[in-house]
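For the sequence shown, our numbering gives the first residue as 1, with consecutive numbering after it.
Below is one structure, written out as structure tokens; comments come after it.
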Amino acid sequence: MPRVFSGIQPSGDVHLGNLLGALRHWVAGQWEWDAVHCVVDLHAVTVPQDPAELRASTLRLTQLLMAVGLDPEVCLIFVQSHVREHTELAWLLQCTVSFGDLRRMNQFKEKSADADFVSAGLFTYPALQAADVLLYDTDIVPVGDDQRQHIELTRDAAIRFNSRYGDTFVVPRHRIAEAGARVMDLQNPTSKMSKSAGEAPGTIWLLDDPPAIERKIRRAVTDSLGQVRYDTVNQPGVSNLLDILGAATGRPAADLEEEYDSYGTLKGDCADAVVALLEPIRRRFAELEADPGHTQGLLRQSAERATEIASRTMGRAREAVGFLPGGNWGW
Ligand code: TYM
1 MPRVFSGIQP SGDVHLGNLL GALRHWVAGQ WEWDAVHCVV DLHAVTVPQD
51 PAELRASTLR LTQLLMAVGL DPEVCLIFVQ SHVREHTELA WLLQCTVSFG
101 DLRRMNQFKE KSADADFVSA GLFTYPALQA ADVLLYDTDI VPVGDDQRQH
151 IELTRDAAIR FNSRYGDTFV VPRHRIAEAG ARVMDLQNPT SKMSKSAGEA
201 PGTIWLLDDP PAIERKIRRA VTDSLGQVRY DTVNQPGVSN LLDILGAATG
251 RPAADLEEEY DSYGTLKGDC ADAVVALLEP IRRRFAELEA DPGHTQGLLR
301 QSAERATEIA SRTMGRAREA VGFLPGGNWG W
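Right under this line is the structure:
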């Protein structure tokens, strides 16, 4: 069965973009593929984190993934820092990709542009992401559109490593679903909805209650054209609402435009669809949150299963590179 792998950062909470662009595809894919999903806490520390908050949000994100519908009996959900091979392979891949490759990464450019402090880890981050994917002999990486470039770098890293040292890694490809691949900020519909938006009213969080969702969608920025058209260039706000409504109801956004002639009704239906989508998630999350020991127990078991897979791949990589056996962990 083909393997899928994907990850999500525990910095901040999960928003509607994460759900529509990635998580719901992970949930559907767990029945179809051999699915592995990772809470990438090592990625989160590329920018400073409060330790207590990071611990709490790692657990919370794991519970959110389950609340959304990932079933730990069906797929593997684990925490990245529980499997040491991620950092080890990241080093080999930092030595495989070039400085120029990393410098071209759009996400690095965006995240470093206004930062006072830019860690070296923020720059080499895509090599760690490549390690995540390659350790699990991944065939397919389901992501939102913003991760396209990172997955292309992962492919290039695998191909370059294989040609330098012999066949070691499976070369993966990304899968970016059309609907919901790029959910935009409700207040600024030319920027993607993101965690860094903080408490901004343009971001819908998975645990927002119905009044908050309705308020945010009702106040979403549209335009003065007064017509409902799917046109991301001239009507980005309206198109984003159509996209969200389409993704939440499983209908193509472009088909929906004919059904609306006012922004008010479009916003009303969009809010109803999002409330209906998020309500069961909020309920399930509350149950899981009440029993943190249960989630921690699951994570211990999944760390073992993930380590089994990752250590086999890492062994192949060490051998391929030419490291001398004799390490005190059995290599
Ligand atoms: P992260 O944590 O920023 O986002 C997790 C997933 O959500 C998608 N996404 C969106 N999709 C649609 N619209 C949006 N506005 C939106 N914002 C985020 C992302 O594309 C992603 O699929 N570097 C990654 C995490 C990562 C990873 C990996 C992913 C680490 N290792 C290996 C795949 C494979 C990240 O920061 O995602």
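Backbone N, C-alpha and C fix where the C-beta goes; we use that ideal spot for every residue, glycine too.
State the Cα-Cα distance for the pair residue i and residue j, rounded to the nearest angstrom.
i	j	result
F5	M193	23 Å
H37	M66	11 Å
L23	V68	7 Å
R175	N18	15 Å
K216	L186	7 Å
S311	E304	10 Å
L93	A158	9 Å
C270	D261	14 Å
V40	T62	10 Å
G332	M314	Because the chain in this structure spans residues 1 to 331, residue 332 falls outside the shown range and cannot be described.
W91	R318	11 Å
R160	P201	44 Å
Q296	E289	11 Å
V118	P126	15 Å
Q301	L256	45 Å
G226	S112	38 Å
R60	H294	12 Å
R164	D139	21 Å
G268	A253	16 Å
D208	S191	21 Å
V221	L242	13 Å
W329	R316	15 Å
T58	D13	10 Å
Using only the heavy atoms of ligand 3, determine whether one of them is closer than 7 Å to the beta carbon of residue i.
i	result
K109	Absence of ligand 3 is noted for the structure shown, with ligand 1 being the only ligands found.
Can you say whether residue i is buried or exposed, counting buried as having 16 or more other CB atoms within 10 angstroms of its CB?
i	result
F169	buried
W31	exposed
L141	Reading the sequence as shown, one finds Val at residue 141 and not Leu. Looking at its Cβ environment, which holds 16 or more other Cβ atoms inside 10 Å, V141 is buried.
G21	buried
A183	Going by the sequence as given, residue 183 is Val instead of Ala. By the neighbour-count rule (16 or more Cβ atoms within 10 Å), V183 is buried.
E308	exposed
D291	exposed
W26	buried
V233	exposed
P280	exposed
L266	buried
L324	exposed
With distances taken from CA atoms, which of the options is nearest residue i?
i	options	result
E110	D146, S98, C75, L186	D146
A282	R251, T58, L206, A35	Reading off the sequence, residue 282 comes out as Arg, not Ala. Checking every option, the nearest Cα to that of R282 belongs to L206.
A28	F99, L70, P189, M314	L70
D272	R218, L59, E257	R218
P2	R173, E73, R160	R173
W33	A90, L59, C75, L16	C75
G144	D167, Q187, G7	G7
E259	R229, R284, N328, D137	R229
S11	L225, E88, K195, I309	K195
E73	L298, T222, V171, S163	L298
S224	R251, G264, A253, F108	G264
V171	D137, A254, K267	D137
L135	H86, L64, P280	H86
T96	D156, D114, W331	D156
A35	A306, S98, A320	A306
Original post:
Between the stretch 268-281 and the stretch 45-55, are three or more C-beta pairs nearer than 8 Å?
Top reply: no
Note to self: Three Cβ pairs or more, each shorter than 8 Å: is that satisfied between the stretch 98-107 and the stretch 60-80?
What the structure shows: no
Report task. Could you tell me whether the stretch 241-255 touches the stretch 178-196, where touching means 3 or more Cβ pairs closer than 8 Å? Result -> yes
Touch test, the stretch 42-51 against the stretch 107-126, Cβ-Cβ under 8 Å, three pairs minimum: yes
Review point. How do the stretch 211-219 and the stretch 232-240 stand: do at least 3 beta-carbon pairs fall below 8 Å, yes or no?
Key: no
* To do: Evaluate contact between the stretch 148-165 and the stretch 124-135, counting only Cβ atoms and requiring at least three cross-stretch pairs below 8 Å.
  => yes
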